[in-house]
Amino acid sequence: MDTSPDTSFVCPIIIEDDRTGLDTETIRRALRDNLLYIQGKLPELASKNDLYMALAYTIRDRLLQRWLTTQQTYLKKDVRTVCYLSAEFLVGPHLANNLINLGIYEQVQKAVSESGLKLEELIAQEEEPGLGNGGLGRLAACYLDSLSTLEIPAIGYGIRYEFGIFDQEIHDGWQVEITDKWLQYGNPWEIARPESSVEVKFGGYTESYTDENGNYRSRWIPDYVVKGIPYDTPILGYRVNTANTMRLWKSEACESFDFGRFNRGDYYGAVDNKVHSENISKVLYPNDEPIQGKELRLEQQYFFVSCSLQDLIRIHLYENPSLDNFHQKWSVQLNDTHPSVGVAELMRLLIDVHHFDWDKAWFITQNTFAYTNHTLLPEALEKWPLSIFGRLFPRLMEIIYEINYRFLDKIRIIYPHDDGKMSRLSIIDESGEKYVRMAHLACVGSQAINGVAALHTELLKKDVLRDFYELFPEKFSNKTNGVTPRRWMVSSNPRLTFAITEKIGENWIKHLEDLRGLENYVDDGGFRDSWRRIKYDIKADLANYIDKKVGIKVDPSTLFDVQVKRIHEYKRQHLNVLHIVTLYHRLKNNPNLDITPRTFIFGGKAAPGYFMAKLIIKLINSVAEVIDNDPTIGGRLKVVFLPDYNVTFGQRVYPAADLSEQISTAGKEASGTGNMKFSMNGSLTIGTLDGANIEIREEVGAENFFLFGLTTEEVYAKKAAGYNPQEYYYHNEELRAVLDLIGSGFFSRGDSSLFRPLVDNLIYNDPYMLLADYQSYIDCQEGVGWAYKDQEHWSRLAILNVARMGKFSSDRSIREYCEEIWRIQPVKIELPDYIQANA
Ligand code: Z2T
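Read in order, the letters of the sequence shown correspond to residues 1 to 839 in our numbering.
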């Protein structure tokens with residue numbers, strides 16, 4: 001079969017108006033056509049999902065014009081391109097954002113309602129692609145949105161997991177994981193490109209040989225070869241014609257049967273190989289930090305990285321005579337160390353396949369990659385046992401040894417007799433069982449290294465990557481995270497968007513600093529009034545949703561106190577619980593106590609093998625149940641754990657929050673991005689001096705931020721002095737009462753063993769210093785309660801928070817990456833005149 005472009009085909013492009021038109025009538029017609037000819041349904045038999053699919057295809061047609069024009073322009077103009085390599089892209093639903101970015105939300109709404117439907121209901125049909133765990137994957141998605149909006153040539157490369165992050169159910173208070181079958185009804189946003197498949201080697205051995213020119217070379221004879229098939233999703237920018245590509249790889253067996261084995265009678269061996277190949281892209285590993293060292297995970301990493309680099313090289317050679325200028329045309333960003341095997345793989349491709357000598361290959365490689373670190377948890381730094389690594393990738397192992405040998409040789413000159421330094425810097429950890437340290441490979445093989453918030457970058461330099469900072473300080477910089485206001489404000493919070501735009505116009509959507517204009521309205525009582533009404537309405541919507549989902553009635557006039565994020569001890573959801581139990585305990589002792597009524601809302605998934613995180617979920621649900629069934633509380637406290645927190649639910653909950661809980665132990669949260677989404681939607685933050693909280697507080701002003709807890713320095717000092725949580729337990733009566741209440745079985749129907757591991761861990765170990773921060777947190781929360789009683793005051797603070805969040809747009813982050821790391825300029829995309837321009 002010939003799958004290459006057929007240049008003899010001459011055909012003037014005539015595109016039916018039904019595939020390009022942006023007016024209501026055309027869209028209505030297109031919708032009806034797609035229902036018939038793509039979904040194959042008569043209107044009277046169409047389900048909501050059929051109608052969603054018909055609409056999605058209608059919008060996809062409008063994207064394809066822009067997407068193809070974008071690709072053609074990049075080719076013609078021979079642009080420099082950034083490639084974002086990420087094992088995760090947590091993009092969330094596409095439909096609403098594409099409507100907003102195209103500027104046709106209203107037209108489509110009208111077209112849909114004239115057909116007797118509600119657009120919001122169709123939007124809600126979309127199954128979100130959960131191809132990520134949390135912040136890291138979601139950041140990659142925000143960055144794709146900003147790259148397109150800023151008209152930067154970019155490709156996002158990743159894995160097309162057949163099953164994304166599991167769906168979470170709660171049974172008897174415990175998390176239960178359900179397979180995420182996001183593809184089962186089809187995915188209208190992707191296009192398979194089987195003609196661009198590539199092959200990836202695994203296992204086997206290497207041999208040396210002499211080529212026809214008498215050069216010694218290495219050859220990798222693999223055990224098996226896996227095929228990677230690209231699936232492309234267009235990512236459209238906001239009110240521009242740029243539509244970049246997110247290219248995700250699916251693994252398949254090279255031949256449907258291994259005939260060598262089959263003919264030898266090894267039928268099962270042959271099928272086994274096919275099954276294993278297909279397994280590589282089967283499922284996302286649901287661990288955030290730390291990841292678990294499973295062999296299949298390493299195969300996933302190499303699979304998508306090798307596919308992506310081969311793809312880049314093929315595109316490059318289509319436009320250039322050689323790979324000599326590869327690093328001038330491409331900048332490849334490593335999203336954490338997950339794709340860092342790319343350093344060795346690019347060396348292999350340049351040397352073994354394209355016959356570069358070592359030095360030239362190394363120069364190109366080092367100038368191609370840049371590395372972003374996302375964590376300070378030492379246990380989350382990836383390292384792979386040499387035994388596994390060497391068996392899976394024998395040729396890469398040789399290359400890594402050579403990189404390391406040459407690297408250490410240079411170090412030896414700088415630090416002649418410092419063996420400690422050498423072993424600390426080495427890419428191979430030889431202290432016990434041998435490992436490949438992926439962060440070291442990334443640091444040595446990259447031209448730039450960055451952290452994701454100011455504090456995080458400082459701690460990388462001082463601590464985690466200190467020896468590398470000493471060696472090459474010029475490689476290090478900070479790039480504080482950001483989030484896209486298109487999804488996290490415009491799409492998720494249309495009411496707030498309208499209220500803001502009414503006052504300051506709509507420029508802020510692309511230039512978030514313009515939100516500053518809102519400061520002029522903090523003293524406008526009418527504006528504050530409508531601000532509060534909007535918040536109330538959104539909270540009422542969420543209350544309905546909560547009732548529908550979990551059958552709990554909550555009062556929208558109470559303070560909505562929200563903590564949504566992955567469940568992790570360092571994020572300290574259980575510190576939040578200690579506060580709740582403290583209030584409950586106070587009310588039990590003093591039923592007439594005047595407290596600000598609160599609704600505590602939790603959401604988040606626990607890694608399936610993380611016992612303590614799962615126990616925290618059980619604790620939240622147990623406390624919720626007891627409080628809910630206690631008539632003396634009289635609705636003054638409500639606790640809700642909403643199952644299956646994901647992007648879709650995030651879009652619902654951020655706009656409804658009054659208080660954002662950002663309470664990690666100082667020095668543990670690299671940045672956080674949820675903190676930004678809350679604040680942009682007018683909630684106030686209670687938080688520690690950790691990650692981007694510090695910068696948020698700097699921007700919104702200390703007086704508009706509820707600060708508590710130890711600083712990073714204090715945490716370090718306390719640890720060094722021998723932290724003893726028991727002192728807090730014995731000296732703080734209220735804290736002791738709270739821990740004892742949980743330990744006694746009061747929240748577990750008398751079972752005093754259930755929460756014992758959690759309580760004992762706090763009293764005797766407390767690695768995240770909850771007890772040290774307890775009193776400061778409780779006092780700070782009391783201040784929050786009082787502040788909320790003065791609604792006029794609270795509204796001022798909320799408005800100021802929104803007005804001062806400009807820095808945290810991912811557009812700002814991407815501009816910094818473009819200027820300081822990628823050195824890439826925008827490229828304008830002009831649509832051909834037969835395509836109707838954006839509204
Ligand atoms: C992740 O979501 C984050 C860090 C990781 O380190 C892994 C995962 Cl899956 C390997 C988060 C950080 O915890 C968070 O602070 C940060 O805001 C986010 O990455 C994006 O940088």
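Backbone N, C-alpha and C define an ideal beta-carbon position, used for all residues, glycine too.
Extent of the continuous alpha helix (DSSP H) run through residue i
i, result
"Ser622", "611-628"
"Ile534", "525-550"
"Met246", "Not the alpha helix (DSSP H): Met246 falls in the beta strand (DSSP E), residues 243-253."
"Asn97", "95-102"
"Asp145", "135-149"
"Val275", "267-279"
"Ser744", "Taken as a continuous stretch (DSSP letters only), Ser744 belongs to no alpha helix (DSSP H), as it is neither H nor E."
"Arg239", "Unbroken run through Arg239: none, as it is neither H nor E."
"Leu763", "Contrary to the premise, residue 763 reads as Ile rather than Leu in this sequence. Element bounds for Ile763: 756-764."
Straight-line Cα distance separating residue j from residue i
i, j, result
"Gln573", "Glu114", "46 angstroms"
"Ser795", "Leu762", "37 angstroms"
"Ile633", "Tyr469", "55 angstroms"
"His276", "Val225", "11 angstroms"
"Glu88", "Ile159", "7 angstroms"
"Ser256", "Ser196", "With a pLDDT of 49 at Ser256, under the threshold of 50, the modelled position of that residue is not reliable, and the figure given next carries that caveat. One C-alpha to the other measures close to 18 angstroms."
"Thr20", "Ile835", "6 angstroms"
"Leu659", "Ala607", "26 angstroms"
"Lys549", "Arg586", "30 angstroms"
"Arg812", "Ser218", "45 angstroms"
"Val626", "Arg756", "18 angstroms"
"Phe9", "Ala56", "30 angstroms"
"Tyr231", "Arg815", "28 angstroms"
"Phe840", "Leu441", "Residue 840 is absent from the structure shown; the chain starts at 1 and stops at 839."
"Ile413", "Phe363", "20 angstroms"
"Arg636", "Val623", "14 angstroms"
"Gly40", "Ile123", "20 angstroms"
Backbone secondary structure at residue i - three-state DSSP
i, result
"His374", "coil"
"Trp508", "helix"
"Asn801", "helix"
"Gly40", "coil"
"Lys718", "helix"
"Gln292", "coil"
"Thr7", "coil"
"Glu190", "coil"
"Pro230", "strand"
"Lys668", "coil"
"Val653", "helix"
"Gln184", "coil"
"Asp773", "helix"
"Val490", "helix"
"Thr480", "coil"
"Asn450", "strand"
Outcome for residue i when other beta-carbon atoms lying within 10 angstroms are tallied against a minimum of 16
i, result
"Trp822", "buried"
"Gln300", "buried"
"Leu349", "buried"
"Trp189", "buried"
"Asp537", "exposed"
"Leu593", "exposed"
"Asp17", "exposed"
Terminal residues of the beta strand (DSSP E) in which residue i lies
i, result
"Trp384", "383-385"
"Ile400", "It is not in any beta strand (DSSP E) - Ile400 instead sits in the alpha helix (DSSP H) that spans 394-414."
"Gly687", "684-687"
"Cys83", "81-85"
"Glu199", "198-202"
"Ser331", "330-335"
"Trp822", "It is not in any beta strand (DSSP E) - Trp822 carries neither H nor E in the DSSP assignment."
Any chain C beta carbon closer than 8 angstroms to residue i
i, result
"Glu212", "Of the chains in the structure shown, none is chain C; there is only one protein chain."
Determine contact between the stretch 649-665 and the stretch 567-585, defined as no fewer than three beta-carbon pairs at a distance below 8 angstroms. yes
Check whether the stretch 241-257 touches the stretch 65-84, taking contact to mean three or more Cβ pairs, one atom from each stretch, closer than 8 angstroms. yes
Using 8 angstroms as the threshold, is the stretch 707-715 in touch with the stretch 666-674, meaning 3 or more CB pairs across them? yes
Please list, following the chain, all residues that have a C-beta closer than 6 angstroms to any non-hydrogen atom of ligand 3. Ligand 3 is absent from the structure shown, which contains only ligand 1.
Is the number of C-beta pairs between the stretch 90-97 and the stretch 119-133 that are closer than 8 angstroms three or more? yes
At least 3 beta-carbon pairs within less than 8 angstroms: the stretch 781-796 vs the stretch 604-618: no
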